[in-house]
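Peer 1: Have a look at this one.
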Amino acid sequence: MKKVWCLFCTVIALLCFTSCENTPDEKYFFVAGHAYGNPNSPQYGLYPPLMTALEEIQLETPLEMGFLTGDVVVQPTEAYWDSAMKDIESLDMPIYIAAGNHDKGEEFDRRFGKAYSSFISDDDLFIILAPSNWNIEGEQLRFLKNTLDDHSTSCQNIFLFIHELIWWHPDDVYGDIDINWRPHFPGETNFWTEVSPLLIGLENEIYIFAGDLGATQSTSPYMYDQRENLHLIASGLGSGNRDNLLLVDYTDEEVHIHQYWLKEDGSMEITDLIETH
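The opening residue of the sequence shown carries number -2 in our numbering; numbering runs sequentially from there.
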């Protein structure tokens, strides 16, 4: 059996459950953005505070899987990916990657193939996308539409993972959110014109996670907004003093999203971000 589910097809070994007090139908996954950490002091492998936090969380919580919302490596070379995959495999659970601009390239394609996919776990739909210059278009847009047409009516929650905050624009209500690198923004995206119309109006609650925040102290550590049935969520790592990852616990009836703030002394503070019924 292959060890890692990374984005779309790579399989990892059996899930490791630890004992804790949870109701039988509760399920858990984590979401971490900008997993290589600070661009001014990059290292091989995943951001060390993230690895430490996940090890501690796993002692108390039976995580079923995890999602890395882009910028897993500082450069998409074989050496950087080898070191990142060593850390990913050590987590001993399925890990999915929504590729960011630092991740894409020949090495990524060689290892993982197509950069978007979907799967169903119990009654929930999970979708991983990889925008092209901040846009979901062409074959990938058709994939999203077909996936929703095929599965939305038979699923409860829909969880969607991307790297860029494709709903963001510097001149609208989200302009006060400082993304990791504003010059990357192409000027316009098709989220509100072509993507959100596929999502708004579905009976499902839809949670969209992005990971292009929090890399430095000058960027926003997270954001959350709700537009009808859409929950727009972003967070990230690297700043050193406002690092945070997300832990999602959910049932068919409820979704709770908690922020785990990683403090400089190695401790964690937990706050509630979302609770839906």
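Don't be surprised by glycine CBs; every beta carbon is placed ideally from N, CA and C.
#1: Using CA coordinates, which residue listed in Lys142, Asp89, Gln256, Tyr219 is at the minimum distance from Glu161?
#2: Pick helix, strand or coil for Asn19, following the three-state DSSP scheme.
#3: Where does Ser193 fall in DSSP's three states?
#4: Which one or two residues does DSSP pair with Leu259 in a beta bridge?
#5: Which runs of the beta strand (DSSP E) fall wholly inside the segment 145 to 185 and span at least 3 residues, in chain order?
#6: Once the 5 residues before and after Leu259 are set aside, which same chain residues still bring their CB inside 7 Å of it?
#7: Any idea if Gln72 is buried or exposed, counting beta-carbon neighbours within 10 angstroms, 16 or more meaning buried?
#8: The alpha helix (DSSP H) that contains Leu275, what's its start and end?
#9: Would you report the Cα separation of Asn132 and Leu60, rounded to the nearest angstrom?
#10: If you follow the beta strand (DSSP E) that Ala29 is part of, which residue opens it and which one closes it?
#11: I want to know whether the segment 209 to 218 touches the segment 232 to 239 - three or more CB-CB distances under 8 Å.
Peer 2: Once the coordinates are examined:
#1: As a working mapping, residue 161 is identified with position 164 in the sequence shown. Answer by Cα proximity: Tyr219.
#2: Position 22 of the sequence shown, counted from the first residue, corresponds to residue 19. At Asn19, the pLDDT of 47 sits below 50, so the modelled position is not reliable; the number obtained from the coordinates is stated separately. Residue state, collapsed to three classes: coil.
#3: Taking the first residue of the sequence shown as 1, we reach residue 193 at position 196. DSSP places Ser193 in helix when its eight states are reduced to three.
#4: For this step, residue 259 is matched to residue 262 along the sequence shown. DSSP lists Met265 as partners of Leu259.
#5: 155 to 158
#6: Locating residue 259 in the sequence shown gives position 262, counting from the first residue. Pro46, Ala50, Asp240, Asn241, Met265, listed in sequence order.
#7: To locate residue 72, count along the sequence shown from 1; it is residue 75. That one is exposed.
#8: Summary: the structure shown does not reach residue 275, with the chain confined to residues -2 through 274, and so no result is reported for it.
#9: Looking up residue 132 in the sequence shown gives position 135. Looking up residue 60 in the sequence shown gives position 63. Distance between the alpha carbons of Asn132 and Leu60: 31 Å.
#10: As a working note, residue 29 is residue 32 in the sequence shown. Run containing Ala29: 24 to 29, per the beta strand (DSSP E) assignment.
#11: yes
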